[in-house]
Structures are given as C-alpha cells and as structure tokens.
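Residue numbers (our numbering): 81 to 389. The C-beta atom is built at its ideal place from N, Cα and C for all residues, glycine as well. Source: prediction; values computed, not measured.
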C-alpha cells in the first residue's frame, strides 16, 4: 500500500509487531512453477483461500477526499474498447451475449498463450462457450464458477487492474483490455442482482504493519474522505473464517447494492464469497484495537456511488 505520510499508531499490538518484524526479515520468494492452480482447494475444506481473502484493500489511485462517481476507469475503457454505450451490457441487450462470450473466450486463450498456460486457457474458454446460447443467467453462473476456480483468471485480472491509474503502466493495462475486458464485463453483469436498501456486513482479513494501520486511523478522522477499491476484492459473510486470516479484521457495512454474491454459483460455496468490484466507494468509520480479540478491527462503510454536492 502506498505511503500517505501518516504517523504510526502509538500502541502496537503484539501480533502486529511480530508481523512487522517478520516482514522486514523475509526475502521475496521465487515464483512457483506453473501449478499453484494444479493443487485444488478441497471442496470440503471450510477455510478461506489466503490468496483471495487475505490482504488490505488496494485503494484506487484516483481516490480523493471529495465526491466522485462509481465508474471505474477500467470499466469505462472496456466499454470504449468494445464500442458499447455506458449502460450497454449483455443482460440489457441479449443480442450482445453470444458475441461477448466469444470475445471473452478468445481473450482467455490469448492470455493463456502470453503466460504459458494455453492448454488450461483452452479448457476455460471451452467451458464458457458451452453457455454461449443459453442466456445471460447461465453465462453469468459459468463466469462465477470459472472465476472462483483455481486457475490463472483471478491473478491475471487483478494484476491488470492494479496498474490502472499508473501513468507508467497505462499502455500495458490498456493493451490487456481487449484480452480480459470481455470476461470482466460478463462477470460484472449480474442478471440476478436486485437493488436493496438492506444493510449487509462482510469481512476480510489482513496482515498489517503499524504504518498501514496508522493510515486507516488518519482516514477515519476525516468524515468527508472517501476512497474506492482498485481491484476485485474477495470478502466473506463469515466473521469467523475471516478472523482466521491475518492480524487485522476489516468489517465492511454495505449500504447499497455494491457487492456481488458469488456463493450460490462458486466452486467453493462454503467460502460465502461476496465480491467488491473496482470503483465501489468506502469511508473509514474507525480503526481500533480490540483487546478481547487481540487484533485491530477496521470498520468501513461501502457505497456504490457518492453523489456530487
């Protein structure tokens, strides 16, 4: 996470301090050979996958202290690249579905070629193409299943999104939009989604050091400060499962229909996954040490859009 120049907190709990010390001692590991994904997460395993559910939110580089909309530059670029209107999505225009599925499948195969996983990519693309003429609901279910499976899609998508807003990386991520953009658009286009005013609480664990916690303490002091998520961020409805990961617990109150419930169609439904898309806004309500649980808890308030005043 970027250093915003905030002071470190006065009190540092033991588990946070230990993590900070170990972080300084650790060296970067070499990249693992091809198949992290070959080792399947057991369906009966109720633990969350650290790779997806552990880590502080990546804050958008375009976030400000003012008011802003929820349109991510990434998704705006996808629609520009595909010549779609801002509200043009397959669920609202069924004639787009077969074309978008084919573009997504072709992009997945191209990504597989670029990263040396062509055979795996062809299998993913084939599974997606099977639903091309089955309607948006079946297409979306398949996208969720593929996204939550152990393959390269998750890493490739988030790696691309992390570059958005970085001028030095702009050409790189924009070159990826024609490749991965169609699948991203299909995943975002939830045909089952209904706007609701019901509040929802979701959780995410993180290993954080003093400097990072201090940044959230400072953000909590500014009641008018809103940030936004840079990448797809996996959370869970289970506080117990999230607490098992890391030394810090993010507690997120969802005020509007800004997250996507993947659990009914996930390959691992016991994770109870709720996905936060890029562009969703959040405000830090508090960042406090919970002595009973011996960890920091950071409370966020999520909204789909912050209106201009």
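Between the C-alpha atoms of residue 162 and residue 215 there is a straight-line separation of about 20 Å. Residue pairing of residue 375 in beta bridges, as defined by DSSP: 370.
Per DSSP, residue 171 is not a residue of any beta strand (DSSP E), being assigned neither H nor E. Put simply, of 183, 129, 229, 364 the residue whose alpha carbon is nearest the alpha carbon of residue 256 is 183. Here the C-alpha atom of residue 311 lies approximately 7 Å from the C-alpha atom of residue 138. Taking the Cβ atoms as the reference, residue 154 lies roughly 19 Å from residue 224, outside the contact range of under 8 Å. By the CB criterion at 8 Å, residue 282 and residue 376 fall outside the cutoff. Between the stretch 290-304 and the stretch 247-266, the count of Cβ pairs shorter than 8 Å is below three; the stretches do not touch. Judged by DSSP in its simplified three-state form, residue 348 adopts coil rather than helix or strand. The alpha-carbon of residue 221 is positioned some 21 Å away from that of residue 129. Between the stretch 171-189 and the stretch 256-265, the count of Cβ pairs shorter than 8 Å is three or higher; the stretches touch.
A direct Cα-to-Cα measurement between residue 280 and residue 307 gives close to 19 Å.
Cβ-Cβ distances below 7 Å link residue 329 to 283, 285, 322, 323, 375, 377 in the same chain, with the five nearest sequence neighbours on each side left out; the list follows chain order.
Judged by DSSP in its simplified three-state form, residue 330 adopts strand. DSSP places residue 192 in the uninterrupted alpha helix (DSSP H) bounded by 177-195. By the C-beta density criterion, residue 174 is exposed, having fewer than 16 other C-beta atoms within 10 angstroms. Rounded to the nearest angstrom, the gap between the Cα atoms of residue 240 and residue 372 is 39 Å. In this structure residue 269 is in contact with residue 171, their Cβ atoms being roughly 5 Å apart against a cut-off of 8 Å.
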